[in-house]
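Just below is one structure, and these are the notes that go with it.
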Amino acid sequence: MQKCKYSKPLCEEIVRFIKNEYNSKKIPLHSPRLLGREMEYLWQCIDTGYVSSIGEFVNDVENDISKITGAKYAVAMSSGTAALHMALICAGVKAGDDVITQPLSFVATANAISYIGASPIFVDVDMETMGMSPQSLREFLLSNCIIKGGKCYHGDRRVSACIPMHTFGMVCEIDEIAQICQEWGITLIEDAAESLGSTYKGTHSGRFGLAGIFSFNGNKIATSGGGGMLITDDENIAKMAKHLSTTAKIAHQYEYDHDQIGYNYRMPNLNAALLKAQLENLDLCLMAKRRLANRYARFFEILGVKFITEPRECISNYWLMGIVMEDRVSRDELLEFANENDVMMRPAWKLLSELRMYQHCTKDSNKNAKYLADRIVNIPSSVIS
Ligand SMILES: Cc1ncc(COP(=O)(O)O)c(C=O)c1O
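Position one of the sequence shown corresponds to residue 61 (the working numbering), numbered consecutively onward.
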């Protein structure tokens, strides 16, 4: 191992521990675990000839996600971003509206809002959950918004939706956020892209508002290669999401007629075949993640470094594990040393409110988000089998 050029031997200790855990020279941040019936289902899918957007595997994974989450309806999409875009359309968010979200998230959260022609408002996250802070949400609304005719307005702009995100699989204080949204006439949509398998007070993430979405990108806890899912308990929303994501085609044996401008957002059957195998092993994967998180927690406690553990009332999937360093300088020292030594680590995202496309958007102090973004380091989190 290359010698740590920094003052503290901390980086060396961390990298040594992770290399021992994984017993490997080069360690990715998160790689998929493809050890179940993936091959079998993919062959089966190819055998049927139904490799595109129609096929039994797509229906199967929709049923699987309904069962896992307890949601009445699940609609498979080509990505988590597509699912989020679709959720906003189905919720009736319009161009010129404002949508409240959090600054600490992947860019897709804000992009989906922009696809509609709406603008994101960034309210701060909670220090413990790293997801939207209900206190910050309430303070923002009280100081900047009014209710007219049961609807929320920010100046003359309608605040039509709120999208909290469950950061790295930790569920934020979503019941309180749901309560605030209800009081203010704002539709709640959960960006649960990272939190398949995570619950809050015993209810699966994604189930607290009108709709929730998951991502099955290659780096997620269960992958379809690329894909997403919208969940909802509302039959009309589910029907609309399915119709619009399949080009708004009117069902007919041979005629092509479409009743509105739709989207080609349906998950292909080939991707669903992979996902079906992944979902069969979700419980095993969740247990293995928890074991790894426990080992990390013990190690970092001895080292005196804060390892991010599940917040109150949340059972986390521990999708992407992380630590909070003392400051940005020590964060960058560790990132540089680990990546130079083939242990992949990364910082949390650059805050969405600081990206050039979103710098002009309304935001509060974003104080906690800035603190966390300066200090978080995500560490290798692949399941060790
Ligand atoms: C918080 C969050 N939202 C949305 C997405 C978008 O999902 P996808 O990559 O499947 O489009 C992702 C992940 O990729 C994510 O982490």
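C-beta: ideal position from N, C-alpha, C; glycine also.
Check, Outcome
"Bridge partners of Phe274, per DSSP?", "Met289"
"Mind checking whether Val231 and Leu412 have CB atoms under 8 Å apart?", "no"
"Check the DSSP bridge columns for Tyr260 and list the partner residues they point to.", "Thr263, Cys374"
"Just how far apart, CA to CA, sit Met146 and Ser196?", "27 Å"
"Say whether the region 419-431 touches the region 181-193, bearing in mind that this needs 3 or more beta-carbon pairs closer than 8 Å, one atom from each stretch.", "yes"
"Write down every uninterrupted run of the beta strand (DSSP E) in the region 275-356 whose length is 3 residues or greater and which is fully enclosed by it, in chain order.", "288-292"
"With DSSP collapsed to three states, give me the class of His145.", "helix"
"For a test of the three-state rule: what should DSSP assign to Leu70, helix, strand or coil?", "helix"
"Taking C-alpha atoms, which residue in Ser112, Gly262, Thr422 lies nearest to Ser203?", "Thr422"
"Under 7 Å from any heavy atom of ligand 1, does the C-beta of Asp251 make it?", "yes"
"So, helix, strand or coil for Arg406, using DSSP?", "strand"
"So Gly285 and Leu342 are in contact, right, with Cβ under 8 Å, and what is the actual spacing, rounded?", "With 8 Å as the limit, Gly285 and Leu342 do not qualify as a contact, their Cβ atoms being about 16 Å apart."
"Under the three-state reduction of DSSP, which class applies to Ile87: helix, strand or coil?", "strand"
"Report yes or no: do the region 250-257 and the region 112-119 share at least 3 C-beta pairs separated by less than 8 Å?", "no"
"Quick check on Arg218: does DSSP put it in helix, strand or coil?", "strand"
"Between which two residues does the alpha helix (DSSP H) harbouring Lys208 extend?", "Taken as a continuous stretch (DSSP letters only), Lys208 belongs to no alpha helix (DSSP H), being part of the beta strand (DSSP E) at 206-208."
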